[in-house]
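Here's the structure, in structure tokens; my notes come after.
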Amino acid sequence: MSFALPERFNWLESMLFAPQPRQALRAAERYVGHLLSRPVPPPLVVRAPILPEPALLAGLDV
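Under our numbering, the letters of the sequence shown match residues 17 to 78, in that order.
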């Protein structure tokens, strides 16, 4: 059974096992460039629950 790994794994392998620092730097630049070129989804907005005032929890009249 044979399967191809995504290109990013090849870049990671190039960074880890590069015989010279310059080759590791080039592989790192390709990998970071790939990460920066991907679209980023908008942030997920979750409404926080509204908590009662501490005085109301204690039963005190403010």
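Backbone N, C-alpha and C define an ideal beta-carbon position, used for all residues, glycine too.
Residue i to residue j span [Cα, whole Å]
i, j, result
"residue 40", "residue 66", "50 Å"
"residue 29", "residue 37", "14 Å"
"residue 26", "residue 57", "25 Å"
"residue 64", "residue 32", "43 Å"
"residue 69", "residue 61", "24 Å"
"residue 53", "residue 42", "16 Å"
"residue 44", "residue 59", "27 Å"
Near the ligand NAP: residue i beta-carbon under 7 Å from a heavy atom
i, result
"residue 42", "In terms of ligand content, the structure shown is empty, and the ligand NAP therefore cannot be addressed."
C-beta neighbour in chain C for residue i, strict 8 Å
i, result
"residue 62", "Although the question refers to chain C, the structure presented lacks it and comprises just one protein chain."
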